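Just so we're aligned: 392 in my numbering is position 343 of the sequence shown, and the numbers increase by one with no gaps anywhere. A virtual CB, placed ideally from N, CA and C, is assigned to each residue, including glycine. Computed from a prediction, not measured in an experiment: that's the story for all the values here. Below is one structure, written out as structure tokens; the observations come after it.
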Amino acid sequence: MSRSSPVTERLYYTNAYITRFTARVVEQLTWRDRPAVILDRTAFYPEGGGQPADRGHLNGVPVEDVQVRREDGAVVHVMSTPLTATEVEGVIDWQRRFDHMQQHTAQHILSQAFLRILGAATISVHLGTQAATVDIAHDDLTPEHLHAVEALTNRVIEENREVRVHFVDEATLARWGVRRPPRVQGPIRVVEVVDFDRVPCGGTHVRRTGEIGVLAILRAERYKGAWRVTFVAGARARQDYRRRRELLQEVGHVLSCGENDLLARVQRLLAEAEAARKQLRSLEARFWQLEAQVLWANGEPCGPVRLVSATLESATPHALRHVATVLREQGSVIALLGWAGGHPARLLFATSSDVPVAMDNLLREVLTPLGGRGGGRAEWAEGALPDPARVKDALAQARQKVRERLTGA
Ligand SMILES: [Zn+2]
Numbered sequence: 050m051s052r053s054s055p056v057t058e059r060l061y062y063t064n065a066y067i068t069r070f071t072a073r074v075v076e077q078l079t080w081r082d083r084p085a086v087i088l089d090r091t092a093f094y095p096e097g098g099g100q101p102a103d104r105g106h107l108n109g110v111p112v113e114d115v116q117v118r119r120e121d122g123a124v125v126h127v128m129s130t131p132l133t134a135t136e137v138e139g140v141i142d143w144q145r146r147f148d149h150m151q152q153h154t155a156q157h158i159l160s161q162a163f164l165r166i167l168g169a170a171t172i173s174v175h176l177g178t179q180a181a182t183v184d185i186a187h188d189d190l191t192p193e194h195l196h197a198v199e200a201l202t203n204r205v206i207e208e209n210r211e212v213r214v215h216f217v218d219e220a221t222l223a224r225w226g227v228r229r230p231p232r233v234q235g236p237i238r239v240v241e242v243v244d245f246d247r248v249p250c251g252g253t254h255v256r257r258t259g260e261i262g263v264l265a266i267l268r269a270e271r272y273k274g275a276w277r278v279t280f281v282a283g284a285r286a287r288q289d290y291r292r293r294r295e296l297l298q299e300v301g302h303v304l305s306c307g308e309n310d311l312l313a314r315v316q317r318l319l320a321e322a323e324a325a326r327k328q329l330r331s332l333e334a335r336f337w338q339l340e341a342q343v344l345w346a347n348g349e350p351c352g353p354v355r356l357v358s359a360t361l362e363s364a365t366p367h368a369l370r371h372v373a374t375v376l377r378e379q380g381s382v383i384a385l386l387g388w389a390g391g392h393p394a395r396l397l398f399a400t401s402s403d404v405p406v407a408m409d410n411l412l413r414e415v416l417t418p419l420g421g422r423g424g425g426r427a428e429w430a431e432g433a434l435p436d437p438a439r440v441k442d443a444l445a446q447a448r449q450k451v452r453e454r455l456t457g458a
């Protein structure tokens with residue numbers, strides 16, 4: 050096929066509601082390693098201008114992507130399997146396309162509403178298959194701004210204004226004044242929401258704004274010095290509304306209260322949980338204080354010091370430190386503590402400052418033969434032991450070594 054062949058006639062330029070058409074295959078090609086065809090005319094919208102490509106079938110074969118060949122503007126239909134026919138019947142996935150038409154036309158109105166209410170231009174547009182966004186040039190978008198823009202957009206939708214397509218020359222374009230300059234040269238396709246917005250655009254749009262149904266702004270977040278505004282329109286907005294109703298109902302069911310009481314109920318639950326956490330922390334501290342006193346009382350005299358040794362079953366490593374701290378404060382004490390509640394198990398050896406036995410050395414002597422690791426200072430050492438079943442052995446060995454050093458026994 051030579052370069053002089055005419056580019057594809059785009060049927061959607063003049064009628065975006067064509068869902069079924071016949072065409073002649075003018076070129077078979079491979080597009081990024083996949084089979085593709087170019088037709089003399091098509092109703093398939095190729096990806097561009099922020100709008101995703103159409104899907105559908107040619108002679109029953111799925112069309113997986115639609116792109117524009119940059120050199121000549123031909124519309125390339127990427128097929129799931131090679132197409133050998135010379136005449137084809139094309140069918141558009143209308144649900145998907147109409148969804149894009151709703152989002153796209155809604156975006157035109159939304160962008161004009163931002164311009165009218167805030168003087169804020171649209172920098173870029175992305176109409177995804179899930180989310181649609183516009184990037185808006187503005188210093189600070191408040192919830193009030195967004196309410197006003199959303200309200201104006203929905204008013205224009207409700208007024209069911211006609212959406213017209215014009216092909217104009219550059220002089221007419223200059224006279225009209227459009228929302229943004231065109232990105233192409235020659236005759237310009239201008240899409241007009243009557244008495245509201247005119248913009249150069251090659252996309253697909255609904256005939257009247259009422260077909261959009263409704264628009265909802267979901268959120269606005271700062272993005273590259275501007276604001277990225279996410280919105281849904283039409284069927285997407287209805288689905289989103291339904292999802293939110295169901296979510297509120299489920300949450301209400303879980304919390305056993307009606308929608309209007311949800312916020313107060315959640316706030317009360319959070320306050321209660323925080324109070325319970327505080328109380329638990331205070332009770333735990335008190336519990337481990339008492340536990341330390343019991344351990345002290347059960348300790349054995351060993352030369353000039355009291356030797357305390359225990360495996361704390363229900364403790365956490367944090368509680369182990371708490372108990373050791375309380376014991377050290379008693380003076381003239383060696384505390385050899387173990388925790389076997391998880392993998393690895395833990396050992397904590399601590400002394401008061403008046404005891405001349407180095408805990409870091411003692412801990413290493415005990416742990417190394419058992420495959421454990423640890424360290425610290427002379428008065429405080431902590432380590433990990435791979436096998437929790439060996440904690441009792443380790444403590445027994447440590448006791449024996451302390452006795453040898455302090456009493457020579
Ligand atoms: Zn458009």
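Taking 3 residues as the minimum length, the beta strand (DSSP E) runs contained wholly in the segment 126-159 are 136-141, in order along the chain.
Taking all protein chains shown into account, Leu176 has 16 or more neighbouring C-beta atoms within 10 Å of its C-beta and is therefore buried. Counting only runs of 4+ residues, the alpha helix (DSSP H) found wholly inside the segment 354-403 occupies 366-377, in chain order. Here Gln328 carries a helix assignment [DSSP, helix/strand/coil]. Between ligand 1 and the CB of Cys250, the shortest heavy atom gap is smaller than 7 Å.
Contact annotation: the segment 89-105 touches the segment 133-148, with at least three C-beta pairs closer than 8 Å.
Take the alpha-carbon of Glu96 and the one of Gln116: they are about 6 Å apart. Shown here, Asp189 sits in coil according to DSSP, grouped into three states, outside any helix or strand. Pro192 has its alpha-carbon roughly 19 Å from the corresponding atom of Ala282. Here the distance from the Cβ of His254 to the nearest heavy atom of ligand 1 is below 7 Å. Look at the beta carbons and you see the segment 256-266 touching the segment 275-295: at least three pairs across the two are nearer than 8 Å. Here the segment 334-352 lies against the segment 368-387, with 3 or more beta-carbon pairs under 8 Å apart. Closer than 7 Å to some heavy atom of ligand 1: that does not describe the Cβ of His215. Relative to the Cα of Glu199, the nearest Cα in the group Arg73, Asp442, Arg165 belongs to Arg165. Here Gly122 is not near Ala72, since their CB atoms are 8 Å or more apart.
For Thr68, the closest of Ala92, Gly420, Asp409 by C-alpha to C-alpha distance is Ala92. Listed in chain order, the non-local C-beta contacts of Glu113 below 8 Å within the same chain comprise Arg83, Arg104, Val127, Met128, Ser129, local neighbours out to five positions each way being set aside. With a beta-carbon spacing of about 5 Å, Ser401 and Gly380 fall inside the 8 Å limit used to define contacts.
Between His153 and Gln234 a beta carbon distance of about 23 Å is seen, past the 8 Å cut, so the two are scored as non-contacting. Cα atoms of Arg204 and Glu299: separation of roughly 32 Å, rounded to the nearest angstrom. Annotation for Val227: Val239, Arg247, Val248, Pro249 place their beta carbon closer than 8 Å to its own, counting only its chain and skipping 5 residues before and after. For His196, the distance from the CB to the nearest heavy atom of ligand 1 is not below 7 Å.
Between Arg355 and Leu397, the CB-CB gap reaches or exceeds 8 Å.
In its chain, beyond the 5 residues on either side, Met128, Ser129, Thr130, Leu132 have a beta carbon closer than 7 Å to the beta carbon of Val110.
The C-beta distance from Arg395 to Glu362 rounds to 13 Å, too long to meet the 8 Å contact threshold. Distance from Thr258 to Arg210 at the Cβ level is roughly 5 Å; contact confirmed, criterion being Cβ atoms closer than 8 Å. Within the DSSP secondary-structure output, Ser305 pairs in no beta bridge.
A Cβ-Cβ contact shorter than 8 Å links Val212 with Glu241.
By the Cβ-count criterion, Leu344 is buried, with 16 or more other Cβ atoms from all chains shown falling within 10 Å of its own Cβ.
Taking C-beta atoms as the reference points, Glu120 and Asp89 fail to come closer than 8 Å. Counting the other Cβ atoms within 10 Å of the Cβ of Tyr61 gives 16 or more, which makes it buried. Arg293 is classed as exposed because its beta carbon has fewer than 16 other beta carbons within 10 Å across all chains shown. Relative to the non-hydrogen atoms of ligand 1, the Cβ of His126 never comes closer than 7 Å to any of them.
If the five residues before and after Pro435 are omitted, its C-beta is found closer than 6 Å to the C-beta atoms of Pro393, Gly420, all from its own chain and listed in chain order. Here the distance from the Cβ of Val240 to the nearest heavy atom of ligand 1 is below 7 Å.
The criterion of a C-beta distance shorter than 8 Å is not satisfied by Ala186 and Ala322.
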